[in-house]
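In what follows, a structure is listed as C-alpha cells, so that the remarks can point back to it.
There are 2 protein chains.
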Amino acid sequence: MNLPSKVLEEAVEQLAMLPGVGKRSALRYCLHLLQQDEVTVRDLSESILRLKTHLHHCRVCHNVSDTEVCPICSSDKRQRGLICVVENVQDVMAVENTQQYRGLYHVLGGVISPIDGVGPSDLAITSLIERVQKGNPAHVEEVILALPTTMEGDTTNYYIHKLLQPLGVTVTTLARGVAVGDSLEYADEITLGRSIQHRIPFESQ
Amino acid sequence: MNLPSKVLEEAVEQLAMLPGVGKRSALRYCLHLLQQDEVTVRDLSESILRLKTHLHHCRVCHNVSDTEVCPICSSDKRQRGLICVVENVQDVMAVENTQQYRGLYHVLGGVISPIDGVGPSDLAITSLIERVQKGNPAHVEEVILALPTTMEGDTTNYYIHKLLQPLGVTVTTLARGVAVGDSLEYADEITLGRSIQHRIPFESQ
Numbered sequence: 001m002n003l004p005s006k007v008l009e010e011a012v013e014q015l016a017m018l019p020g021v022g023k024r025s026a027l028r029y030c031l032h033l034l035q036q037d038e039v040t041v042r043d044l045s046e047s048i049l050r051l052k053t054h055l056h057h058c059r060v061c062h063n064v065s066d067t068e069v070c071p072i073c074s075s076d077k078r079q080r081g082l083i084c085v086v087e088n089v090q091d092v093m094a095v096e097n098t099q100q101y102r103g104l105y106h107v108l109g110g111v112i113s114p115i116d117g118v119g120p121s122d123l124a125i126t127s128l129i130e131r132v133q134k135g136n137p138a139h140v141e142e143v144i145l146a147l148p149t150t151m152e153g154d155t156t157n158y159y160i161h162k163l164l165q166p167l168g169v170t171v172t173t174l175a176r177g178v179a180v181g182d183s184l185e186y187a188d189e190i191t192l193g194r195s196i197q198h199r200i201p202f203e204s205q
Numbered sequence: 001m002n003l004p005s006k007v008l009e010e011a012v013e014q015l016a017m018l019p020g021v022g023k024r025s026a027l028r029y030c031l032h033l034l035q036q037d038e039v040t041v042r043d044l045s046e047s048i049l050r051l052k053t054h055l056h057h058c059r060v061c062h063n064v065s066d067t068e069v070c071p072i073c074s075s076d077k078r079q080r081g082l083i084c085v086v087e088n089v090q091d092v093m094a095v096e097n098t099q100q101y102r103g104l105y106h107v108l109g110g111v112i113s114p115i116d117g118v119g120p121s122d123l124a125i126t127s128l129i130e131r132v133q134k135g136n137p138a139h140v141e142e143v144i145l146a147l148p149t150t151m152e153g154d155t156t157n158y159y160i161h162k163l164l165q166p167l168g169v170t171v172t173t174l175a176r177g178v179a180v181g182d183s184l185e186y187a188d189e190i191t192l193g194r195s196i197q198h199r200i201p202f203e204s205q
C-alpha cells in the first residue's frame with residue numbers, strides 16, 4: 001500500500017498487528033480516527049495504554065482485574081471451595097455469563113501444546129496445585145476442569161488430574177454431549193456416543 | 001458483556017467505536033494487547049495519538065500529509081496543470097495505485113448529500129475554485145472530476161462543473177463503461193448503454 005504519510009503508515013502498521021485486522025481495515029480505522037476530534041482519539045490512545053499500565057492479573061486466579069486480588073476471589077458470596085480451571089480470560093466471562101456457577105476460577109493462560117511449544121511450565125499449573133494445597137483463598141473441595149474439548153485440552157486435563165489426585169480433592173470435568181437446540185442427526189458420532197455413555201436421570205435434566 | 005475490569009471495559013468501548021468493530025472484536029483486540037509487552041502497546045497507543053497531533057492535511061489539496069504542503073503538490077515531476085478531484089484520501093491512493101496519473105489532486109472531503117446534511121459549504125469546493133482562479137500551485141488547464149458514480153457524486157460533479165465553466169478551464173470526468181474483465185452479459189444496462197454511447201476508436205483502447 002502506498003500511503004501519503006509516514007505517520008499514517010506507522011499507525012496502519014501498528015493497528016494491522018491486531019488479530020484479524022489487515023492493512024486495509026487498519027487504514028479504514030486510521031482515516032476514521034482522523035475525522036474524530038482530538039479528545040476522542042486521545043481517549044482511545046490512553047485507554048489502550050492503560051491496558052498495560054493499569055490492568056493487573058489477579059494474584060490468586062490470574063484473571064484480569066483492576067485490583068491485586070479480583071472481585072471474584074475476594075467476594076464472600078462465592079462458593080470458595082470450588083475452583084473452575086479455564087484456559088483464558090474469555091472463558092471466565094463465558095462461564096460467568098451462564099449465571100450457573102458461583103465458585104472461583106483459575107486461569108491457566110493456555111493449554112499444553114507441544115506443537116506450539118507450550119509446556120506445563122508455561123501455564124499457571126503450579127499456582128493451581130498450591131491453591132489446593134494451601135487452601136487459598138479457602139479450603140478447596142472440588143476442581144472443575146473446564147478446558148477446551150480438544151486434544152490439547154484433554155492432555156492438560158490429564159496432566160492436572162494426575163497432580164491433583166494425591167491431594168484428595170474431587171476433580172470433575174464439564175459434561176460433554178449434544179448441545180441444547182441441536183438435532184441428533186447433526187451431532188458428531190463421538191459427541192453423541194459420549195452423551196449416551198454419560199446419560200443422566202430424566203428428572204435431573 | 002460482563003467484563004471483570006473497568007480498565008478493560010473502557011478500552012473495549014473505545015475500540016468498539018472504530019468502523020465495523022463490535023464489542024466482541026474489541027475485546028479480542030484488548031486481550032491480544034494484554035499479552036504483548038509494554039513497548040508494543042505503547043507504540044500502538046502513541047501512533048494512534050500521532051494521527052491527530054502530527055498528521056496534517058495538505059494546505060493545497062487537503063490530502064493527508066506529514067508536511068504543510070504534501071509531496072504530490074510540491075513535486076516538480078507531476079503535471080501541475082492537471083487537477084483530479086476526488087471524494088476522499090482513499091480515492092487519492094486508488095488513483096495513485098493505477099500509476100496512470102501524474103497530475104495533482106483535490107480532496108473534497110465528501111460529496112453533496114442533502115439526506116446526510118452535507119451541503120457544498122461542508123466540502124473543499126471554494127478552495128478548488130480558488131486554486132483554478134489563482135493558479136495554485138500552477139496554472140490549471142484541466143480539472144478531472146473523479147467522484148463516485150452515484151447520484152450524490154453526479155450532483156457534486158454538476159455543481160462543480162457549473163462553478164468551473166466561467167473560468168475557461170477544461171472539465172472532464174472519468175470514462176464510464178464495462179469494467180476490464182467483465183462479460184457484457186453481467187454489465188448493468190445503464191453502464192453498457194453509456195459504454196456504447198461513449199465508444200472509443202479501436203486504436204486507442
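Protein chains in written order, with this note's numbering: chain A, 1 to 205; chain F, 1 to 205.
Glycine is no exception: its CB is placed at the ideal position from the N, C-alpha and C atoms.
7 Å Cβ cut-off: residues of chain A touching residue i
i: Ser-47 of chain F; result: Glu-10, Ala-11 and Gln-14
i: Lys-6 of chain F; result: Asp-66
i: His-54 of chain F; result: Val-7
Residues near residue i by beta carbon distance below 7 Å, same chain, minus five either side
i: Cys-70 of chain A; result: Cys-58, Cys-61 and Asn-63
i: Leu-3 of chain F; result: Glu-9 and Val-12
i: Gln-79 of chain A; result: Arg-102 and Gly-103
i: Thr-155 of chain F; result: Ile-112
Neighbourhood of residue i by C-beta, 8 Å cutoff - its chain only, sequence neighbours within 5 removed
i: His-54 of chain F; result: Asp-66
i: Asn-88 of chain F; result: Val-107, Leu-108, Gly-109 and Gly-110
i: Arg-176 of chain F; result: Thr-149, Thr-191, Arg-194, Ser-195 and His-198
i: Cys-30 of chain A; result: Leu-8, Ala-11, Val-12 and Leu-15
i: His-56 of chain A; result: Val-64, Ser-65, Asp-66, Thr-67 and Glu-68
i: Gln-130 of chain A; result: Strictly speaking, residue 130 of chain A in this sequence is Glu, with Gln absent from that position. Excluding positions up to five away in sequence, the list reads Asn-136.
Reference residue i; option with closest CA among the options
i: Thr-173 of chain F; options: F:Val-180, F:Ile-144, F:Pro-201 and F:Leu-167; result: F:Ile-144
i: Val-169 of chain A; options: A:Leu-82, A:Gly-22 and A:Ala-26; result: A:Leu-82
i: Arg-24 of chain F; options: A:Gly-20, A:Ala-26 and A:Arg-194; result: A:Gly-20
i: Thr-149 of chain F; options: F:Arg-194, F:Tyr-105 and F:Val-180; result: F:Arg-194
i: Asp-91 of chain A; options: A:Ala-175, A:Leu-34 and A:Gly-110; result: A:Gly-110
i: Leu-49 of chain A; options: F:Glu-38, F:His-56 and F:Glu-130; result: F:Glu-38
i: Ala-146 of chain F; options: F:Val-180, F:Met-93, F:Leu-167 and F:Met-17; result: F:Met-93
i: Pro-120 of chain A; options: A:Leu-163, A:Gln-100 and A:Gly-135; result: A:Leu-163
i: Glu-142 of chain F; options: F:His-161, F:Cys-30 and F:Ile-125; result: F:His-161
i: Ser-5 of chain A; options: F:Ser-5, F:Thr-40 and F:Ile-72; result: F:Ile-72
i: Ala-138 of chain F; options: F:Lys-52, F:Lys-77 and F:Leu-34; result: F:Lys-77
i: Val-41 of chain F; options: A:Gln-36, A:Leu-51 and A:Ala-187; result: A:Leu-51
i: Ile-125 of chain A; options: A:Ala-187, A:Met-151 and A:Cys-84; result: A:Cys-84
i: Met-151 of chain A; options: A:Pro-114, A:Val-180 and A:Asn-136; result: A:Pro-114
i: Asn-136 of chain A; options: A:Asp-116, A:Ser-74 and A:Ser-204; result: A:Ser-74
i: Val-171 of chain A; options: A:Tyr-159, A:Val-118 and A:Asp-43; result: A:Tyr-159
Neighbour list for residue i in chain F, Cβ cutoff strictly below 7 Å
i: Asp-116 of chain A; result: Residues of chain F passing the Cβ test: none, with the nearest at roughly 14 Å.
i: Asn-157 of chain A; result: Residues of chain F passing the Cβ test: none, with the nearest at roughly 23 Å.
Burial state of residue i (16 or more Cβ within 10 Å)
i: Arg-28 of chain A; result: buried
i: Val-107 of chain A; result: buried
i: Ala-26 of chain A; result: buried
i: Asn-157 of chain A; result: buried
i: Asp-182 of chain F; result: exposed
i: Ile-190 of chain F; result: exposed
i: Leu-167 of chain A; result: exposed
i: Val-86 of chain F; result: buried
i: Ser-45 of chain F; result: buried
i: Ile-200 of chain A; result: exposed
i: Leu-18 of chain F; result: buried
i: Leu-123 of chain A; result: buried
i: Ser-204 of chain F; result: exposed
Chain F contact residues for residue i, given Cβ-Cβ distances below 8 Å
i: Pro-19 of chain A; result: Arg-28, Tyr-29 and His-32
i: Arg-50 of chain A; result: Val-7, Glu-10 and Ala-11
Contacts of residue i in chain F (Cβ-Cβ under 9 Å)
i: Cys-70 of chain A; result: Pro-4 and Ser-5
Same chain, Cβ closer than 6 Å to residue i, five either side skipped, listed in chain order
i: Leu-128 of chain F; result: His-106
i: Lys-134 of chain A; result: none
i: Val-132 of chain A; result: Val-140, Leu-167 and Val-169
i: Leu-33 of chain F; result: Val-41
Cβ-heavy atom distance, residue i to the ligand NAD, below 7 Å
i: Arg-59 of chain F; result: Among the ligands in the structure shown, none appear at all, so the ligand NAD cannot be discussed.
Residues of the stretch 86-106 of chain A with Cβ closer than 9 Å to any Cβ of chain F, in chain order: Result list: Asn-88, Val-89, Gln-90, Val-92, Met-93, Glu-96 and Asn-97.
May I ask you to list, following chain order, the residues of the stretch 30-44 of chain F that have a beta carbon less than 7 Å from some beta carbon of chain B? In summary, chain B is missing from the structure at hand, where the protein chains are A and F.
Of the residues that make up the stretch 110-140 of chain F, which ones have a beta carbon closer than 7 Å to any beta carbon in chain A? Residues of the stretch 110-140 of chain F with a C-beta atom less than 7 Å from some C-beta of chain A do not occur.
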